[in-house]
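J.: Counting from 75, one number per residue, gives the positions in the sequence shown under the numbering used here.
The structure follows.
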Amino acid sequence: MRDMKESHCSTISVDLYRGNLGKREAVLRFLQRALSLERPTRLLLTSQEDMTWLSGDRDFLETWKALLHQVIESGHKIVIIHSFDRSLSSLLFIMDYWLPMHLTGQLDGYCYSDFAFDRSKTTLFILEEQACIFSRTYEGAEHQQAFYFTQKDVIRMFEESFWAKIRSCRPLMKRLPSAPMERMQEIAAFEKKNCACVAFAQTMSAWTMPVHIYEKVLGRLDIDPIELKRRSNFHRKRQADFIRAIKEQRYSLLYHIDRLEEIVHRGGVTYGGGEFFESENIIVPSADFVEHLIYISDLLEMNPLLEVSLVCRENTALKMKDYGYILKEGDQVILTPGRRQRSTSVYVASDEPTVMRAVSLCHQYLQQSVSPEDRDVKTMALIFRQAATTAPLDPSSCFYGLLTEREYEIALMIAEGLTSREIAEKTFISLNTVKSHIKNIYRKIGVSTKVELTKLISSKKESV
75 MRDMKESHCS
85 TISVDLYRGN
95 LGKREAVLRF
105 LQRALSLERP
115 TRLLLTSQED
125 MTWLSGDRDF
135 LETWKALLHQ
145 VIESGHKIVI
155 IHSFDRSLSS
165 LLFIMDYWLP
175 MHLTGQLDGY
185 CYSDFAFDRS
195 KTTLFILEEQ
205 ACIFSRTYEG
215 AEHQQAFYFT
225 QKDVIRMFEE
235 SFWAKIRSCR
245 PLMKRLPSAP
255 MERMQEIAAF
265 EKKNCACVAF
275 AQTMSAWTMP
285 VHIYEKVLGR
295 LDIDPIELKR
305 RSNFHRKRQA
315 DFIRAIKEQR
325 YSLLYHIDRL
335 EEIVHRGGVT
345 YGGGEFFESE
355 NIIVPSADFV
365 EHLIYISDLL
375 EMNPLLEVSL
385 VCRENTALKM
395 KDYGYILKEG
405 DQVILTPGRR
415 QRSTSVYVAS
425 DEPTVMRAVS
435 LCHQYLQQSV
445 SPEDRDVKTM
455 ALIFRQAATT
465 APLDPSSCFY
475 GLLTEREYEI
485 ALMIAEGLTS
495 REIAEKTFIS
505 LNTVKSHIKN
515 IYRKIGVSTK
525 VELTKLISSK
535 KESV
């Protein structure tokens, strides 16, 4: 017979944090614990609670973002379960602060829509085998508490609960292939679908670029003739598909490009590198950019279903979006890396209806922030052409078309006397990556030392 005196009770240690201020304190402790670990691990995150504790304090939100990015940079993986039983404002918050993190390649997201409609909402943050935050909010309750656990057997219990919940979820995002050609082929197949389309990017896009300009840009890249032809043929087909599509469906394209004075001073415009099968953004000379704008204005005149907006001024609404998207309404959305993309950045796609609705609403909001002048592409082309012929260029603009945007940035830092380690710290990339960039710079420009590069840039300044 079972001994009825046998105890199934154990004593655990827990720290209690009260209210939103307490929850913020607990979360900071949680993230700092992750950063203190010698080896990367996983963070398991899910929450149905109101996000006011996070978004209600701007200073805390910025601290949270900075720490979370440090966690990702440290190599930690994040598994997150999104719950879409939220208000529109909460949904847009998820768009701006969570979805871009999927582009780091360090985050796996899941969608949980089969939630119970009870009066309680739960948050569960787990740092595997290290720490756990658990909180539950009841509708109408005056007091809120967050419990912080460090006891391993308790953490394992919550881990089991998290993975059990995962089994009721489906992946929120699908990663596109990492190989540039395979990835662009998948994007092109998606673009061909006969649906209305909205798109946004933090750089200029080659999607609307005529083939002859695209081939000129490719000709300046360090690629062999066979690869050049392969890329050119791909773009030729993609461009033909685009021309057919805009005659049948509504297309709204919005690009947040470099500021006018930057373009004029540097003599070049930043384009997304992925469309040229490059891992980093590239610079296209101003003359080619102006010709591209004239081509777009011709397309706009002939295709009333096409809308293109180019913003080359400060725009807070656009600047906040460190990602891009291509949405085919009713089908799926592809998220693309933002302005600060890295060679390790990934492209992801989602057919989750709530995500697509959020992107559609986000696009409407962004379009409302665009002035009529930004929609007048023909006038913009004339402005750029006039400015480019009258203003002095950056003496180093001769490097545009030869160097990527990152390589150009590093070349100028070298000329300023910065060491490789100082450049790595300033650009937030590894020392080995900096050294690799420097080798590419030397090879493309035809120098072999930092001294030669510095002299070359100085001689250009003296000749201006």
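The beta-carbon is built from N, C-alpha and C at its ideal position, and this holds for glycine as well.
Just so we're clear, the structure is a prediction, and the values are computed from it rather than from any experiment.
According to the neighbour-count rule (16 or more other Cβ atoms, all chains shown, within 10 Å of its Cβ), is residue 212 buried or exposed?
T.: Taking the sequence shown and counting its residues from 1, one reaches residue 212 at position 138. By the 10 Å Cβ count, residue 212 comes out exposed.
J.: Alpha carbons only, please: which of 241, 133, 116 and 236 is nearest the one belonging to residue 180?
T.: For the purposes of this step, residue 180 is identified with residue 106 of the sequence shown, where counting begins at 1. Nearest of 241, 133, 116 and 236 to residue 180, Cα basis: 116.
J.: Under a three-way DSSP split, which group does residue 423 fall into?
T.: Within the sequence shown, numbered from 1, the residue matching residue 423 stands at position 349. Strand.
J.: Tell me whether residue 101 sits in a helix, a strand or coil according to DSSP, three-state version.
T.: Position 27 of the sequence shown holds residue 101. If DSSP states are grouped into helix, strand and coil, residue 101 belongs with the helices.
J.: Taking residue 440 and residue 173 to be in contact with their CB atoms under 8 Å, please state how far apart those CB atoms are, rounded to whole angstroms.
T.: If you number the sequence shown from 1, residue 440 lands on position 366. If you number the sequence shown from 1, residue 173 lands on position 99. With 8 Å as the limit, residue 440 and residue 173 do not qualify as a contact, their Cβ atoms being about 15 Å apart.
J.: Can you tell me whether residue 296 is helix, strand or coil according to DSSP?
T.: Here residue 296 refers to the residue found at position 222 of the sequence shown. In this structure, residue 296 counts as coil in the three-state DSSP scheme.
J.: Do the stretch 475-487 and the stretch 352-361 meet, that is, are 3 or more Cβ pairs less than 8 Å apart?
T.: Counting Cβ pairs under 8 Å, three or more are found: they touch.
J.: Take residue 197 as the anchor and find which of 516, 218, 291 and 250 has the nearest alpha-carbon.
T.: Within the sequence shown, residue 197 is the residue found at index 123, counting from 1. Comparing Cα-Cα distances from residue 197 to each of 516, 218, 291 and 250, the minimum goes to 218.
J.: Could you check the C-alpha separation between residue 109 and residue 203 for me, to the nearest Å?
T.: Translated into positions along the sequence shown, residue 109 becomes position 35. Translated into positions along the sequence shown, residue 203 becomes position 129. One C-alpha to the other measures close to 14 Å.
J.: Going by alpha carbons, who is nearest to residue 517 out of 485, 207, 490 and 234?
T.: Indexing the sequence shown from 1 puts residue 517 at position 443. Nearest C-alpha to residue 517: 485.
J.: By DSSP, does residue 469 sit in helix, in strand, or in coil?
T.: Indexing the sequence shown from 1 puts residue 469 at position 395. In this prediction, residue 469 has a pLDDT of 45, which is less than 50 and means its spatial position is unreliable; what the coordinates show is noted afterwards. Helix at residue 469.
J.: What residues are listed by DSSP as bridge partners for residue 210?
T.: Residue 210 sits at position 136 when you count from the first residue of the sequence shown. For residue 210, which the question treats as bridged, DSSP gives the partners 196.
J.: From the DSSP output, read off the bridge partner residues of residue 378.
T.: Locating residue 378 in the sequence shown gives position 304, counting from the first residue. DSSP lists no partner for residue 378.
J.: Is the stretch 364-372 touching the stretch 305-325, taking contact as three or more C-beta pairs under 8 Å?
T.: Verdict: no, contact absent.
J.: By the DSSP assignment, the alpha helix (DSSP H) with residue 152 in it spans what residues?
T.: The residue you call residue 152 lines up with position 78 of the sequence shown. Here residue 152 belongs to no alpha helix (DSSP H); instead the beta strand (DSSP E) covers 151-157.
J.: Does the Cβ of residue 256 have 16 or more other Cβ atoms within 10 Å, making it buried, or fewer, making it exposed?
T.: For the purposes of this step, residue 256 is identified with residue 182 of the sequence shown, where counting begins at 1. With fewer than 16 Cβ atoms within 10 Å of its Cβ, residue 256 is classed as exposed.
J.: Suppose you measure from the CA of residue 135 to the CA of residue 229; what does that come to, to the nearest Å?
T.: To locate residue 135, count along the sequence shown from 1; it is residue 61. To locate residue 229, count along the sequence shown from 1; it is residue 155. Roughly 26 Å between the two C-alpha positions.
J.: Roughly how many angstroms separate the alpha carbons of residue 143 and residue 295, rounded to a whole number?
T.: Within the sequence shown, the letter at position 69 stands for residue 143. Within the sequence shown, the letter at position 221 stands for residue 295. Whole-angstrom Cα-Cα distance: 32 Å.
J.: Between the alpha carbons of residue 529 and residue 523, how many angstroms are there, rounded?
T.: The residue you call residue 529 lines up with position 455 of the sequence shown. The residue you call residue 523 lines up with position 449 of the sequence shown. Going from the Cα of residue 529 to the Cα of residue 523 covers about 10 Å.
J.: Could you work out which residue in 398, 301 and 303 is closest to residue 433 when comparing CA atoms only?
T.: Numbered from 1 along the sequence shown, position 359 holds the residue referred to as residue 433. Minimum Cα distance to residue 433 is reached at 398.
J.: Counting only runs that start and end within the stretch 295-330, where is the alpha helix (DSSP H) found for 4 or more residues in a row?
T.: 299-319, all fully within the stretch 295-330.
J.: Apart from the five residues just before and just after residue 99, which ones in its own chain have a Cβ nearer than 8 Å to its Cβ?
T.: Sequence index remark: in the sequence shown, residue 99 carries index 25 (1-based). So the qualifying residues of the chain are 91.
J.: Please classify residue 86 as buried or exposed, where buried requires at least 16 other C-beta atoms within 10 Å of its C-beta.
T.: Translated into positions along the sequence shown, residue 86 becomes position 12. It is exposed - the Cβ of residue 86 has fewer than 16 other Cβ atoms within 10 Å.
J.: My assumption, with CB atoms under 8 Å, is that residue 246 sits in contact with residue 423. Please give the rounded CB distance.
T.: One-based indexing of the sequence shown puts residue 246 at position 172. One-based indexing of the sequence shown puts residue 423 at position 349. Not really, about 10 Å apart at Cβ, beyond 8 Å.
J.: Go ahead and label residue 465 buried or exposed: buried means 16 or more other beta carbons lie within 10 angstroms of its beta carbon, across all protein chains shown.
T.: By one-based count along the sequence shown, residue 465 stands at place 391. Any reading at residue 465 needs caution, since the residue's pLDDT is 49, under 50, leaving its predicted position unreliable; the model's value is listed next. So residue 465 counts as exposed.
J.: Give the straight-line distance between the Cα atoms of residue 319 and residue 269, rounded to the nearest whole angstrom.
T.: Translated into positions along the sequence shown, residue 319 becomes position 245. Translated into positions along the sequence shown, residue 269 becomes position 195. Near 9 Å, if we compare the C-alpha coordinates of residue 269 and residue 319.
J.: If the criterion is Cβ atoms closer than 8 Å, does the pair residue 381 and residue 326 meet it?
T.: Reading the sequence shown from its first residue, position 307 is the one you call residue 381. Reading the sequence shown from its first residue, position 252 is the one you call residue 326. Yes, they are a contact pair.
J.: Using C-beta distances below 8 Å, list every residue in its chain close to residue 396, excluding the 5 sequence neighbours before and after it, in chain order.
T.: In the sequence shown, residue 396 corresponds to position 322, counting from 1. Only 174, 276, 412, 413 and 414 meet the Cβ criterion.
J.: Closer than 8 Å by C-beta to residue 483: which residues in its own chain qualify, once you throw out the five before and the five after it? Chain order, please.
T.: For this step, residue 483 is matched to residue 409 along the sequence shown. Only 501 meet the Cβ criterion.
J.: With distance defined between alpha-carbon atoms, name the residue in 248, 504 and 259 nearest to residue 425.
T.: The sequence position of residue 425 within the sequence shown is 351, counting from 1. When only C-alpha atoms are compared, the closest one is 248.
J.: Going by other Cβ atoms of all chains shown within 10 Å of its Cβ, with 16 needed for buried, is residue 543 buried or exposed?
T.: Residue 543 lies beyond the range of the chain shown here (75 to 538); nothing can be said about it.
J.: Give the DSSP-derived three-state secondary structure of residue 113 in the structure shown.
T.: What you label residue 113 is simply residue 39 of the sequence shown in a count that begins at 1. In the structure shown, residue 113 sits in coil (DSSP, three-state: anything other than H, G, I, E or B).
J.: If I measure Cβ to Cβ from residue 467 and keep anything under 6 Å in the same chain, skipping five residues before and after, which residues do I get?
T.: As a first step, residue 467 must be located in the sequence shown, where it is residue number 393. The predicted model places residue 467 with a pLDDT of 45, which falls under 50 and marks its position as unreliable; any figure quoted below should be read in that light. Once the five neighbours on either side are set aside, the close Cβ partners of residue 467 are 341.
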